[in-house]
Structure formats: C-alpha cells, structure tokens
Amino acid sequence: MADPTTPEKADLVAAIQSDCAEAILAHRRVRLPSQLLRDLAAEAPSPELDRFLASHRDTPSRVLVEIAERSPSTVTRLALARHVRTPAQQLHELAEDGETDVRQSVAANSAVPPRVATQLIGDPAVVVRRALAANNAIPSRFQMTLAEDVSPLVRTQLLKQRRLESEVLTKLLNDPDPLVRARVIISGPLDERRQLRLADGEDPFEQHCLLGRRTVERPALESLAFSQHAGVQLKALERHELSTDELLGWARTGPLPVRCLVAATADLPPEIQDVLANDAEHDVLLTLAVNHTLAPGAAATLAGSSYPDVIHAVAANPAVPEAVLLCLCATEDELIPRIIAGRPELPAAVVERLTELGDGVLYHLGHHQAPCQRAIEGQAETLSWHVLPTLRVLAARADTLPEDAMARLSRDPAPLVRQAVAGNQNVPATCLDALIQDDAEWVANVATAERQRRREQAVDEDIAPTGGDGPLTRFVKRILRGAPPQVDR
C-alpha cells in the first residue's frame, strides 16, 4: 500500500519547476521512494530536476552519477559535493572543480574518501583546507599534516576533531603562533596532566589562557593560585573555593589584591575579619567595611580607623549593630550622623540619639522618612517654626503638636507640610475641613482619606457591643460589623 504522505510524481515535478529552492526545503525531511526518484531522473533533463535530485538525501548513487556526467550548474555541483551518497569517483572529480565553494563542500563531506582527502590536503584555498581539518571523517594520519599547515586558521580547525591525536595536540600546544596556542589552551581537549603542566610553567600568557577555560581541573587551579604573576593569582583565587584555613592564610600573608579579595568574600568567618580589620592597608580596610556580612567585632575595630572614608563606609553598612552605631554618633565628624540617618530601619535608640544632634541631622532623618516622631515630641512646637519645610513636616506628624501650631501648619505655604498635617490623626476637624478644599490635589486626597477613617471609626464605636444591649440590638450590631448573624438563645 502506498504511503499517503508520498507526493504524486506530477505534483512533485510541478512544484520543482515552479520553485526549486522551496521544493527542496519542503521535502528535505520527507522520505521519497527510490522508484519515484528514478522516475524523476528519467524525465527530460532540466537544471531544476537535477538540483532537486542532487539535494535530496534519498537519491540513489546511480542517479547522482548520471547528474554529475551532465556537467551540471554550480549550484547542482555544490549539492553533489555535499551529498553523502555521491560515489568516490565523482567526489574525486569535484575535488578538482574550478569553484572553491565546490571543493570546500567536498572537503566538508562526512563521507569523503581518504583518496579525495589526500587530494584536498594540498588545495591552494585556505577555506578548503580548513573544512578538511574540521571534518571528522578524515583519517587520523592526516591530522599531523594539517597541524603543520602554513595557515594558523587551518591548524586551529583541528580542535573540532572528536578524536585529536595526542602527538597532534602536543604540536599545537607548541605552535609558533600565539593565537593558535591560546585557542588550544582555551578550548582544546586538555586533561589534568596537561593543564597542570601549563599551570606550573609560569608563562603568564599560557596561564591566563588556561583561566579562560570553562572548567579548570582543581590541581591546576591550586597551582595557579600560587603563580608569581599577580593577575593570574587573583583570577585563580576568584574561581577557587577556598577553605577557612586557606582564607585565613591569605588574609595574613597574601599580597594586597588577594587580601582585598578575601575581604570582599561573603559570610567570612569572624576570626578572619578580625585579622583583616587590623590590616595596615587602606584598601583592605575599605573593602571589608563595605562587606554586607561584616561581623560586629570587625565593625567595632573599623569604627576606630584613622581613615575617614572607612568609618563612613561602616556607618552606611547595614550589617553594623546598634552598639557600634551609637558609638559612631558620638564622633566629632558631623558627616557620620547624617550618613547613619539615611540607613533603613534604624533602631529606636539610635533615632533618639540622632535627634539630639541638631537640625542638620534632623533634616536627614526627615528627608529619609525615619520613624522619629516619638523622639522629637518635645521639639515639635519649636520645629513647627523652622525655616526648612522638611523639619516642619516632622513637626506636623507629631502627635503632641498643639492645636494652634497644627492650625498654623495647615496653612503652611509648603504642600508637603499641609499634607503631613492632613495625615495626622489628631488634626482638628476645622483644619481637616479646610485641607479637604486644598488647592493641591494630593493634600486634599490625604485629608479626605483621614475624614473617611474617622467616620468609619465612629461607626465602629457606635455599633460596638455593650453590656446593656438586648438580644435584638446585639443581632443588628453583628450584622453592621460584618460578622455572621447569630441569635442569642
């Protein structure tokens, strides 16, 4: 029974004559019977039919021979050169073709015979020899010949061989062209022994190339970590998972870049941080100070550093504990309290201490919206007269602000101050009514939301159960509160 997916001969011929390239693409993965392909070959010869037959994977070898004997067009010869069923004699003839693309296709053919490969190994075109060097079908004895090719582009293509001979790999590793050596070291099939030999060689070029590999064997990586070249050593340590003892050793005796690398390591044990916190180099101290896993002991040590920028980094570090922050607040450097004021989630004790350090620090607390209302209750009325709107905002948010001061701030020229008054739960009703009519829309919206909150609170208080409520009253209040109705029995 015929395969229902097999096209009719007439339909296939019409499709080929209409658009040969489209027909080749459409039938690329379609299995066509040999008899159908022979029938097509028996048709009156045409360039389109020859090209289609030379391109289809199921075309019999005999048909390919007939096409090759007709001196076909370049595009058909290219298809014949790529076809794995093209006989050796025809490939031999195509290997002498005047078109470089045709010879290149023969060199890349996965069924290229050794005799044809021998013919192409001396081809004058580099692209032909490159295709041959990358072809896994060539005999292993040809690899050494291609490894001695005058073109480095040909020599590097040998790395695409699935089975590269050991002698060939050794020759490529000693290639006079540094780019060839780099390519071999970075992407070549190097075992642990070869990698270790390169790591121990102390050639910075080869060591850098070795670090360019996707995976480096652990012994080679350990060897690179002790390289005499600082750049190699640093990159090797970045890729190497160091133990606690190794980290401690590098923190004590490593060169400056390595100690900085250790200082930047996350979750560094406290004993190693203590060593680094007493380092003599500024760069190490600063790197440790910005580490977000800074230990309390190291933070306390760094807080007493002689370098101002190190202390500033400690003040901004979110890992620094409350006790260290309180000590930093007592320093003479006016910038430190302002840096601390910008930290998120400040402890209450630190906020209270900061509010005692003057208007400059208060401004930063207000600017960063720190929760400092309780701490400034005693200063609220004074701050309500301050020239800076940010500090008047702090006053407007205070629960203890007198009504006359709140009324005055409700008419403040700064919209942010009026908005803060509108959001205060203790703002007088008369001020709230005026703020609802405020020219600034966002101020009016906050005031409207506050009035709605008060109304809902009043309703909740009205329907709250009391001891003197009867059963019916309690039933109605439960419904008004949104609770499930329940009749008392």
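Per this note's numbering, residue -17 is the first one in the sequence shown, and the count goes up by one each step. Each residue gets a CB set at the ideal place from its N, CA and C atoms; glycine is no exception. Because the structure is a prediction, the values reported are computed rather than measured.
- In this structure, the straight-line span from the alpha carbon of R436 to that of R320 is close to 37 Å.
- The alpha-carbon separation between A281 and D227 amounts to approximately 22 Å.
- Excluding sequence positions up to five before and after V98, its CB lies within less than 8 Å of the CB of A70, L73, H74, A77 and V88, all in the same chain and listed in chain order.
- Apart from the 5 residues on each side of it in sequence, A113 sits with its Cβ closer than 7 Å to the Cβ of Q86, A89 and A90 in its chain, given in chain order.
- Excluding sequence positions up to five before and after A298, its CB lies within less than 6 Å of the CB of I321, all in the same chain and listed in chain order.
- With a 10 Å radius around the Cβ and a threshold of 16 neighbouring Cβ atoms, T283 comes out buried.
- Q434 has its alpha-carbon roughly 11 Å from the corresponding atom of V441.
- With respect to the 8 Å criterion, G348 and E316 are not classified as neighbours on the basis of their beta carbons.
- The beta carbon of L161 sits closer than 7 Å to the beta carbons of P134 from its chain, once the five residues preceding and following it are set aside; these are given in chain order.
- By the CB criterion at 8 Å, L154 and A129 fall inside the cutoff.
- Under a 10 Å Cβ-count criterion, S55 is classified as exposed, with fewer than 16 other Cβ atoms of the shown protein chains found around its own Cβ.
- The beta-carbon separation of A36 and A61, rounded to 4 Å, stays under the 8 Å limit for a contact.
- In the displayed model, I103 falls within coil according to three-state DSSP, outside both helix and strand.
- With respect to I167, L192 sits close: the two C-beta atoms are nearer than 8 Å.
- In this chain, the alpha helix (DSSP H) harbouring I49 covers S43 to A50.
- Annotated three-state conformation of P239 is helix, per DSSP.
- For A248 against R241, the beta-carbon gap comes to about 16 Å, at or over 8 Å, which does not count as contact.
- Listed in chain order, the non-local C-beta contacts of N408 below 8 Å within the same chain comprise D381, L383 and M388, local neighbours out to five positions each way being set aside.
- Secondary structure at Q419: coil, using DSSP grouped into helix, strand and coil.
- Taking all protein chains shown into account, H274 has fewer than 16 neighbouring C-beta atoms within 10 Å of its C-beta and is therefore exposed.
- Inside the region -10 to 55, DSSP marks whole alpha helix (DSSP H) runs of 4 or more residues at positions -9 to 0, 2 to 8, 16 to 24, 29 to 37 and 43 to 50, from first to last along the chain.
- DSSP places D291 within a helical segment (H, G or I) once states are collapsed to three.
- Each residue's CA atom was taken as its position, placing R176 and E188 some 12 Å apart.
- With at least 16 other beta carbons inside 10 angstroms of its own, V375 counts as buried.
- Measuring C-alpha to C-alpha distances from E314 to each of D79, P290 and E327 identifies P290 as the nearest.
- Take V266, set aside five residues on each side of it, and the residues of its chain with a beta-carbon closer than 8 Å to its own are L238, R241, C242, A245 and L258, in chain order.
- The residue among R13, V(-5), V214 and S16 with its C-alpha nearest the C-alpha of P27 is V(-5).
- The criterion of a C-beta distance shorter than 8 Å is satisfied by A115 and L140.
- Collapsing the DSSP output to three states places W367 in coil.
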